[in-house]
Every structure is written in structure tokens, then in C-alpha cells.
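In the numbering used here, the protein residues as written are 308 to 726. Note that beta-carbon positions come from the ideal geometry of N, C-alpha and C, so glycine has one too.
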Ligand SMILES: Cc1ncc(COP(=O)(O)O)c(C=O)c1O
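This is the structure we're talking about:
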């Protein structure tokens with residue numbers, strides 16, 4: 308007899324980018340030429356010192372267990388990096404290391420949320436926030452990010468959450484923001500810090516794109532006075548150092564919170580491989596100029612893609628401010644074709660052409676507030692981005708193909724026009 312899965316397991320929603328990635332790879336294996344703009348990965352190699360140090364660490368037999376919160380030399384390097392680059396007053400024992408940034412969503416929720424607690428999430432949002440909140444039996448309280456306000460979280464929404472929610476407990480912030488590319492300004496962060504300081508409210512500050520701010524500089528809530536006592540800020544090597552497959556990230560917080568997270572690492576992962584930490588330490592200490600050169604290449608890509616998309620009728624994206632995503636509204640196109648935005652994304656991949664496709668995501672993969680938008684990542688060489696741009700107007704003009712695809716995929720018919 309099959310054993311019943313838990314309610315949580317049955318209702319678990321996942322990051323759609325990985326599902327579309329699998330579909331794109333399958334089509335490629337069958338011979339289709341697919342430009343893959345669905346997942347937020349880097350087309351560049353991992354940075355040089357990281358690779359050298361990782362290889363050396365394997366030769367040096369750095370392939371055993373290590374302390375759960377991380378090896379001392381990594382924690383030291385991470386604390387110095389945060390102080391140097393973002394003025395976060397961190398010491399080594401305020402750093403905990405994990406396999407990427409995502410795992411800290413779970414640990415943050417385990418650290419602060421009890422069943423029934425309210426956790427504010429600005430939406431569109433990174434898809435795994437909600438399952439991690441629900442894993443604790445807590446409630447995600449969604450507030451919108453809007454294109455009209457550059458996808459910045461509105462401080463008044465936080466005020467409303469604190470005043471109106473029966474049990475306000477935590478807030479997820481993400482700047483620079485995936486999928487919208489929005490940036491929370493330093494003034495926004497100051498206002499948020501003033502609002503929550505001294506209250507029993509914890510913030511997860513998700514900052515994987517900290518080196519991808521195209522106007523001005525990255526700012527962290529953790530740099531605001533007193534905020535390390537209320538905030539867990541998470542960083543990753545996946546984007547800045549093109550190390551997504553190494554699985555390395557870290558968080559910074561107060562000593563007490565870091566100790567609690569250390570216990571969570573102890574009871575789940577045991578530790579993050581020391582050879583990976585040594586590679587990351589080398590990246591932090593030696594690869595910043597290579598990193599910055601790569602970031603400039605990403606900026607060029609985002610500009611190319613944004614300008615190209617804005618030339619297509621019915622697509623409108625804000626000027627690029629941050630991240631390697633472009634998030635245009637495609638509401639006029641969807642309304643005209645009677646297709647949802649994720650339906651449009653899947654049509655571009657699967658059905659617009661027999662031998663060529665573009666993989667991207669509908670904004671609703673990031674919550675209902677993202678409906679009517681598409682998210683493109685810049686994860687391919689520039690000439691491939693251009694091929695995708697050339698293909699899009701042709702694809703959406705093939706109305707017979709769209710109709711036939713909608714007939715076989717009626718769940719993607721648009722029921723009510725996007726406004
Ligand atoms: C907002 C956000 N948080 C977390 C992550 C997870 O990154 P990592 O590879 O470090 O786990 C991503 C990756 O795309 C992201 O966009």
C-alpha cells in the first residue's frame with residue numbers, strides 16, 4: 308500500500324525555472340535549437356582563483372567534515388568582504404556558510420516563525436519563499452510590487468502589515484530583486500529600519516544580486532544601525548562568481564541568530580564542503596576585478612535585451628537598474644492573443660517553431676502579481692540574445708500556431724484580460 312504523503316509534501320510548490328529548464332534540455336536533446344533564458348545562471352566560467360583553489364583543496368585532502376557554521380578562514384574572509392564592500396559591521400562568528408543562499412530561507416523561517424505567524428512577502432517574489440514559510444505552518448502575507456513604482460517595496464505596506472496583521476513576525480526583502488530587477492534604495496532601507504527597529508520583527512534580506520546594480524551601488528538593510536540583531540542577510544557565489552554548481556553561499560546576522568542557524572546546519576547538512584569554502588574564500592580575496600569585468604558584461608547584455616524587447620510592439624520594460632533579468636509587461640500581447648503570460652512563455656519554447664525556441668518564464672511563476680509579464684534572464688551569449696529578439700515578433704505573429712497550441716493547452720487561455 309502506498310504511504311500517504313504529508314499535506315505539506317502534497318501542496319509543495321516549486322521553482323518553475325527548474326521545470327522549464329528540464330523541458331528546454333529535453334527539446335535540445337531531441338534536436339531543437341533553444342535559446343535558454345529561463346534560469347538565472349551565468350554563461351561565464353567560475354572565476355579563476357576559485358577554480359585554482361578548489362582544485363588545490365581537493366589535492367590537499369580538504370574533503371572531510373568541518374565545523375557546521377563554516378571553516379574559520381572562510382568566515383573571516385566573508386566578514387571582511389561584507390565590511391569592505393557593503394559597510395556591514397560583521398565579525399567572523401556572525402557568518403554561517405551554506406550550499407547557496409536558498410537554504411537560508413528555510414533556516415530563517417525555522418529560526419523565527421511559529422505556526423500561524425504572519426510573514427510579509429512583496430510579490431512578484433522568489434518562488435521558494437512561500438514553501439519555506441508554509442513549512443513552518445506560518446502565513447505568507449503578500450503585498451504588491453508595481454512597475455509604476457519601479458518595483459520598490461512600499462514602506463506604507465510594511466506599516467499596514469505591522470498594524471493590521473494579527474501576528475506580524477517577519478518580512479522577506481529582496482534587493483536587487485528577482486524577477487523585476489527593482490532596487491530598494493538606501494532611503495527605503497533607512498525608513499524600513501526606523502520602522503522595525505526594537506520591535507519583535509525579523510527580516511530576511513535576500514541579496515544574491517549584490518554586484519549587479521547598474522545605477523549607483525548596492526545597499527543592505529544589515530548595514531543600518533542595529534539591524535544585524537533583527538536581520539539575516541544572505542549572499543551567494545552563484546551569480547557574482549559564476550559558481551552556481553559549486554553550491555556556496557553564506558549569511559550574516561547577530562551572534563545569537565548565527566549560533567541558532569549553526570545548529571540548523573548541524574542537524575540538516577552537517578557542514579558545507581571545506582574544499583568549496585576554500586574556493587569561495589579565494590574568490591572573495593582575489594577575484595573581485597574579474598568579477599567586476601563579468602558584471603559589466605552582464606550589464607551590456609541587460610541593456611541589449613531591454614532595448615531589443617522594448618522595440619517589440621506590446622512589450623514594455625523599465626530601463627535596466629539591476630540584476631541580469633529583464634521583466635517586460637506583455638499585457639497587450641497576451642490580451643490580443645488570448646493567452647496567459649506563462650502560456651506565452653511555453654508557446655515560445657515548444658510550439659512557435661519546429662526547430663527553434665526561446666525558453667523564458669511567465670511572471671506568474673513568481674506569484675499572481677507577476678501575471679502579464681515575462682522574465683528573461685541573460686544567461687546566453689549576446690548573439691543568442693539577438694537571435695531570441697529576432698524570433699519573438701515572428702513567433703507572436705504566427706496566430707494559427709498559437710490557436711492550435713491553445714487548443715491542445717486550454718489551461719493557458721486567458722480568461723479575463725490583464726489590466
Ligand atoms: C532571489 C533569489 N534568492 C535566492 C536564490 C538562490 O541562489 P543560490 O544558488 O545561491 O541558492 C536565487 C537564485 O536565483 C534568487 O534569485
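Check the Cα spacing between residue 441 and each of 313, 388 and 568: the tightest is with 313. Around the beta carbon of residue 664, a 10 Å sphere encloses 16 or more other beta carbons of the protein chains shown; the residue is thus reported as buried. CA-to-CA, the gap between residue 722 and residue 613 works out to about 28 Å. Cβ atoms of residue 561 and residue 540 stay farther apart than 8 Å, at about 11 Å. Inclusion of residue 594 and residue 355 in the CB contact set at 8 Å is warranted, their separation being smaller than that value. Per DSSP, reduced to three states, the secondary structure at residue 599 is helical. Here residue 546 carries a coil assignment [DSSP, helix/strand/coil].
Taking 8 Å as the upper bound for CB-CB distance, residue 434 and residue 543 are not in contact here, some 16 Å apart. Residue 670 carries a coil assignment under DSSP once its states are collapsed to helix, strand and coil. Contact check for residue 357 against residue 724 fails: the beta carbons are separated by 8 Å or more.
Bounds of the alpha helix (DSSP H) holding residue 314 are 314–318. Judged by beta-carbon spacing, residue 344 lies beyond the 8 Å limit of residue 586, meaning their Cβ atoms are not closer than that value. Burial is judged here by how many other beta carbons sit within 10 angstroms of a residue's own beta carbon; residue 448 has at least 16 and is buried. Excluding five sequence positions before and after residue 468, the CB atoms of its chain that fall closer than 8 Å to its own CB belong to 425, 427, 448, 450, 475 and 478, given in chain order. Here residue 320 is exposed. Its C-beta has fewer than 16 other C-beta atoms within 10 Å.
Spatial neighbours of residue 708 in its own chain (CB-CB distance under 7 Å, excluding positions within 5 residues in sequence) are listed in chain order as 658 and 659. Between residue 401 and residue 640, the gap from beta carbon to beta carbon reaches 8 Å or more. Relative to residue 498, the option among 714, 668 and 463 whose CA is nearest is 463. DSSP places residue 503 outside any beta strand (DSSP E); the residue lies instead in the alpha helix (DSSP H), whose first and last residues are 493–503. For residue 434, the three-state secondary structure derived from DSSP is coil. Residue 481 carries a strand assignment under DSSP once its states are collapsed to helix, strand and coil. Rounded to the nearest angstrom, the gap between the Cα atoms of residue 488 and residue 309 is 44 Å. Every alpha helix (DSSP H) stretch that sits fully inside the region 383–433 and reaches 4 residues is listed by chain position as 410–419.
Going by beta carbons, residue 636 and residue 669 fall outside the 8 Å limit. Checking the DSSP bridge columns, you'll see residue 343 partnered with 666. Excluding the 5 residues flanking it on each side, residue 624 has same chain C-beta neighbours closer than 7 Å at 613, 616, 617, 633, 634 and 635, in chain order.
Under DSSP, residue 641 shares a beta bridge with no residue. Judged by DSSP in its simplified three-state form, residue 724 adopts coil rather than helix or strand.
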